[in-house]
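Participant:
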Amino acid sequence: DVKVTQSSRYLVKRTGEKVFLECVQDMDHENMFWYRQDPGLGLRLIYFSYDVKMKEKGDIPEGYSVSREKKERFSLILESASTNQTSMYLCASSSGTAEQFFGPGTRLTVL
Amino acid sequence: AQRVTQPEKLLSVFKGAPVELKCNYSYSGSPELFWYVQYSRQRLQLLLRHISRESIKGFTADLNKGETSFHLKKPFAQEEDSAMYYCALILNRDDKIIFGKGTRLHILP
């Protein structure tokens, strides 16, 4: 059973802080993804990665960066958090079957 | 441009009534389509994919290439079907998925 875990379920940060969201998967998947989920906007892809040290911009990369130093871990970084980055963040992984497996999500509030 | 459209943000259906969640896509090639579901306080998960041609929890979805649609159907709604449903399109096996904006299904008692 694929497990995708995210470091926090809830996170509250202040404007301007640097924020790290961690995602770990235990099924040796090559592909990992970060989305944000907002009511009425659905899931929007922020960044994705097909391999260690590789990253690709998604549809809304502005204000975010990512790091993939190990195959199982994909980190999302908000360099200077802003209130419009308050959202639910979902991590997912996949490996050649096209199905993506999702983590439980991190609800980030930026004050 | 590739796109997935779910025209309804919210769909309310009485228990026992038929359900149809609409999904249309735009893609010139051969798409692979999915329905994902998110129940309250649970993670987003795959419900079904068109290549499987299977029924999951009583739901089916048929790919209609002529109408570029992949509507999700269930003949008799159950209260536990209340959830957020996302239609999704993948262009290549390892490529990113394009999600629709989602439809919240609310089953009325």
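In order, the protein sequence lines correspond to chains A and B.
Per the working numbering, the very first residue in the first sequence carries number 58; after that it's consecutive.
Per the working numbering, the very first residue in the second sequence carries number 1037; after that it's consecutive.
All residues carry an ideal CB built from backbone N, CA and C; glycine is no exception.
Taking the C-alpha atoms as reference points, what is the distance between residue 151 of chain A and residue 1050 of chain B?
Facilitator: Rounded to whole angstroms, residue 151 of chain A to residue 1050 of chain B spans 36 Å at the Cα level.
Participant: Residue 1062 of chain B and residue 1039 of chain B look like a contact to me (Cβ under 8 Å); what is the Cβ gap, rounded to whole Å?
Facilitator: Contact holds; Cβ gap of about 5 Å.
Participant: Excluding five sequence neighbours on each side, which residues of the same chain lie with their C-beta closer than 8 Å to the C-beta of residue 107 of chain A?
Facilitator: Here the set comprises 87, 88, 113.
Participant: Using a Cβ-Cβ cut-off of 6 Å (strictly less than) and excluding sequence neighbours within five positions of residue 82 of chain A, which residues of its own chain qualify?
Facilitator: Closer than 6 Å at the Cβ level, and outside the excluded window around residue 82 of chain A, lie 61, 129, 150.
Participant: Which value, in whole angstroms, describes the spacing of the CA atoms of residue 1119 of chain B and residue 95 of chain A?
Facilitator: So the two alpha carbons sit approximately 15 Å from each other.
Participant: Whose C-beta lies closer than 6 Å to the C-beta of residue 1133 of chain B among residues of the same chain, with five residues either side of it excluded?
Facilitator: Closer than 6 Å at the Cβ level, and outside the excluded window around residue 1133 of chain B, lie 1124, 1126.
Participant: Does the distance from the CB of residue 63 of chain A to the CB of residue 1082 of chain B come in under 9 Å?
Facilitator: In this structure, residue 1082 of chain B does not lie closer than 9 Å to residue 63 of chain A by Cβ.
Participant: By a C-beta neighbour count over all protein chains shown, 10 Å radius and 16 as the cutoff for buried, is residue 1117 of chain B buried or exposed?
Facilitator: Under this definition residue 1117 of chain B is a buried residue.
Participant: Give the interface partners of residue 105 of chain A over in chain B, defined as CB-CB distance under 7 Å, in chain order.
Facilitator: The answer, in chain order, is 1132.
Participant: At a CB-CB cut-off below 8 Å, which residues of chain A make contact with residue 1114 of chain B?
Facilitator: In chain order: nothing, as chain A lies at least about 23 Å away.
Participant: Nearest-angstrom Cα distance between residue 147 of chain A and residue 126 of chain A?
Facilitator: Each residue's Cα considered, the two are about 19 Å apart.
Participant: At a CB-CB cut-off below 7 Å, which residues of chain B make contact with residue 98 of chain A?
Facilitator: Within 7 Å Cβ-Cβ: 1137.
Participant: Is it true that the CB of residue 117 of chain A sits closer than 9 Å to the CB of residue 135 of chain A?
Facilitator: Their beta carbons are not under 9 Å apart, which means residue 135 of chain A does not touch residue 117 of chain A by this criterion.
Participant: Starting from residue 95 of chain A, trace the beta strand (DSSP E) both ways and give me its first and last residue.
Facilitator: Per DSSP, residue 95 of chain A belongs to the beta strand (DSSP E) from 88-95.
Participant: Give me whichever residues DSSP pairs with residue 1127 of chain B in a beta bridge.
Facilitator: None, per the DSSP bridge assignment.
Participant: Between residue 1113 of chain B and residue 1098 of chain B, what straight-line distance do the alpha-carbon atoms span, to the nearest angstrom?
Facilitator: C-alpha separation (whole angstroms): 18 Å.
Participant: Check distances from the C-beta atoms of the segment 1079-1098 of chain B to those of chain A and list, in chain order, the residues that come in under 8 Å.
Facilitator: If the cut-off is 8 Å between Cβ atoms, the segment 1079-1098 of chain B has 1079, 1080, 1081, 1082, 1085 near chain A.
Participant: Identify the residues that DSSP records as bridge partners of residue 1056 of chain B: which are they?
Facilitator: For residue 1056 of chain B, which the question treats as bridged, DSSP gives the partners B:1109.
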